[in-house]
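Here the protein sequences come in this chain order: A and B. Everything in the first sequence is counted per the working numbering, starting at 26 for the first residue and increasing by one. Everything in the second sequence is counted per the working numbering, starting at 109 for the first residue and increasing by one. We treat Cβ as the ideally placed atom computed from N, Cα and C, and that holds for glycine. These notes concern the structure reproduced below.
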Amino acid sequence: GAVVSQHPSWVICKSGTSVKIECRSLDFQATTMFWYRQFPKQSLMLMATSNEGSKATYEQGVEKDKFLINHASLTLSTLTVTSAHPEDSSFYICSVGELSYNEQFFGPGTRLTVL
Amino acid sequence: DAKTTQPTSMDCAEGRAANLPCNHSTISGNEYVYWYRQIHSQGPQYIIHGLKNNETNEMASLIITEDRKSSTLILPHATLRDTAVYYCIVRVGIGGKLIFGQGTELSVKP
């Protein structure tokens, strides 16, 4: 299966700053990547679908101007949390999933803490 | 995609079979049943999926009832490393986005 990495694995930032999280597909080219958010003791919530070379598709209720997604290449998608606030503190997870694949391959996640 | 219902938590003795149920009474004919698990503070891991027939792989077995309104994931010999949250997901097709429910927190005890 595909190997997916995320960087950084954890980050602490001050309120009001922006944080960029990278998601890399290490061993195959991914036209589609997904971004999820998970709060403590809760399930994963799909935030957006990232498509290479085009605009991301955001789920209802997710602010596209706050969570900027860029999928500029077949191996890299980035999520930027702009003007982060403490309520944005969460576990952010990306995944890679193509229509020809039976399964999605998930990254290890990035834990964001906003002070 | 159809909604699923799972018990919040379950315990299982190490070495015994773990049977995790999932109800999906509104499933459509073209919707697949997927199982993923998430070990604490890690990304989810694919386990198995099926449409109508029972399926088995090196990790688990998936039993789908004839009317497809429910299914059971079976871990034949649970180990402590199987302690995780198990998610049953129903969706159309084999690709595309996954919508996670609350899942079942399985605790395997010595």
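Q. By Cβ distance below 6 Å, which residues in the same chain neighbour residue 53 (chain A) in space, the five residues on each side in sequence not counted?
A. The beta carbon of residue 53 (chain A) is closer than 6 Å to those of 27 in its chain, skipping five residues each way along the sequence.
Q. How about residue 205 (chain B): is its C-beta nearer than 7 Å to some C-beta of chain A?
A. Yes, because at least one Cβ of chain A sits closer than 7 Å to the Cβ of residue 205 (chain B).
Q) Just the Cα atoms here: how many angstroms apart are residue 222 (chain B) and residue 90 (chain A)? A) Absent from the model: residue 222 (chain B). The displayed extent of chain B is 109 to 218, so no value can be given.
**Q.** Limits of the unbroken beta strand (DSSP E) element including residue 157 (chain B)
**A.** 153–158
Q) Count the other CB atoms within 10 Å of the CB of residue 189 (chain B); is the residue buried (16 or more) or exposed (fewer)? A) exposed
**Q.** residue 125 (chain B) classed as buried or exposed, judged by whether at least 16 other C-beta atoms fall within 10 angstroms
**A.** exposed
Q | Local Cβ density within 10 Å of residue 114 (chain B), reported as buried at 16 or more and exposed below that | A | buried
(Q) Against chain A, does residue 129 (chain B) count as a neighbour if the rule is that its beta carbon must be under 7 Å from one of theirs? (A) No, because no Cβ of chain A sits closer than 7 Å to the Cβ of residue 129 (chain B).
Q: Step through the CB atoms of chain B and report whether any lies within less than 7 Å of the CB of residue 68 (chain A).
A: yes
Q: Please decide whether residue 194 (chain B) counts as near chain A, where near means a Cβ-Cβ distance under 7 Å.
A: no
Q) Would a C-beta distance cut-off of 7 Å place residue 127 (chain B) and residue 182 (chain B) closer than the cut-off? A) yes
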